[in-house]
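Chemist: Those letters in the sequence shown? Residues 0 to 176, per our numbering, in order.
Note that the Cβ used here is the ideal one computed from N, Cα and C, for glycine as well.
Mind having a look at this structure? Questions to follow.
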Amino acid sequence: MSATQNHPQIDWAKKDLHAEWKKFRQHADLMFAGPLKKATDSEKCAYLLIWAGEKGRDIFNSWGMSEEHSQSMTHLCAQFEKYTAPKKNNLFTRYMFQERKQQQGEPLESYITDLRNLVKDCGYDKPEEMVRDRIVCGIQSQEVREKLLTALTEKKALWRASQRGRSEPRCEVAARP
């Protein structure tokens, strides 16, 4: 069987182009680890561009990469990764972060983890301060909010919030008749 019979293909018209690229890249990596494992880096780049099709080569040609970089799988794949990555909308991600409030019955640790994940794409200069502020504004417990507002540092605020989150389930069990 020829190594190119079951070659990877990419549909450049897919709505989620980044996911399509990742599947294409995984298939290509399997080909390079299997039937094409003896191929040089330059040959792997040639295969990748052949498999990417005419549209993929048009995209590649628009970058004006140096010959050295165009024959490096690391550089070539990094460019395609960058090209297919979803464009970030800081305003939208910041909106989602700012609107996030702790849900009724949601453990505090879960809420804080979600905030930390949301803030990653916001582009804030001081993400930990933003998380601290969002905890204070979005936490369900008024008592904890008051304590956090008197905390002097963000680490202390995060520590106090996490301590409260860990003790809440025990307090609920102890309060049951």
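Beta carbon of Leu-107, beta carbon of Arg-163: below 8 Å?
Modeler: What you label residue 107 is simply residue 108 of the sequence shown in a count that begins at 1. What you label residue 163 is simply residue 164 of the sequence shown in a count that begins at 1. Yes, Cβ-Cβ distance for Leu-107 and Arg-163 is below 8 Å.
Chemist: Near Asp-75, which residues of its chain fall below 6 Å by C-beta distance, leaving aside the five closest residues on each side in sequence?
Modeler: Looking up residue 75 in the sequence shown gives position 76. For the record, residue 75 in the displayed sequence is Leu; it is not Asp. Cβ neighbours of Leu-75 beyond the five flanking positions: Cys-44.
Chemist: Pairs of beta-carbons, one from the segment 53-64 and one from the segment 119-127, closer than 8 Å: are there three or more?
Modeler: With the cut-off at 8 Å, the segment 53-64 and the segment 119-127 do not touch.
Chemist: Measuring only the C-alpha atoms, how far is Asp-209 from Asn-89?
Modeler: The structure shown does not extend to residue 209, since the chain is modelled only from 0 to 176, so the question has no answer here.
Chemist: Tell me whether the beta-carbon of Leu-47 lies closer than 8 Å to the beta-carbon of Ala-18.
Modeler: By one-based count along the sequence shown, residue 47 stands at place 48. By one-based count along the sequence shown, residue 18 stands at place 19. It is not a contact, given that the beta carbons lie outside the stated cut-off.
Chemist: Specify whether the segment 124-132 and the segment 76-88 touch according to this definition: at least 3 beta carbon pairs, one from each stretch, less than 8 Å apart.
Modeler: Counting Cβ pairs under 8 Å, fewer than three are found: no touch.
Chemist: Going by beta carbon distance, what residues of the same chain come within less than 8 Å of Glu-66, once the five residues before and after it are set aside?
Modeler: Counting from one through the sequence shown, the residue named residue 66 turns up at place 67. Same-chain partners within the cutoff: there are none.
Chemist: With distances taken from CA atoms, which of Asp-40, Arg-99, Lys-86 is nearest Met-72?
Modeler: What you label residue 72 is simply residue 73 of the sequence shown in a count that begins at 1. For Met-72, the nearest C-alpha among the options comes from Asp-40.
Chemist: Please go through the same chain and pick out, in chain order, the residues whose beta-carbon is closer than 6 Å to the beta-carbon of Ala-84, but skip the five residues on each side of it.
Modeler: Within the sequence shown, numbered from 1, the residue matching residue 84 stands at position 85. Once the five neighbours on either side are set aside, the close Cβ partners of Ala-84 are His-17.
Chemist: Leaving out five residues before and five after Thr-92 in sequence, what residues of the same chain have Cβ atoms less than 6 Å from its Cβ?
Modeler: Within the sequence shown, numbered from 1, the residue matching residue 92 stands at position 93. Correct list, in chain order: Asp-120, Cys-121.
Chemist: The alpha helix (DSSP H) that contains Trp-11, what's its start and end?
Modeler: Within the sequence shown, numbered from 1, the residue matching residue 11 stands at position 12. First-last for Trp-11: undefined, no H or E at that position.
Chemist: Could you check the C-alpha separation between Trp-50 and Lys-87 for me, to the nearest Å?
Modeler: Stepping through the sequence shown from its first residue, residue 50 is reached at position 51. Stepping through the sequence shown from its first residue, residue 87 is reached at position 88. About 28 Å.
Chemist: Report the three-state DSSP secondary structure of Cys-121 (helix, strand or coil).
Modeler: Locating residue 121 in the sequence shown gives position 122, where the first residue counts as 1. Coil.
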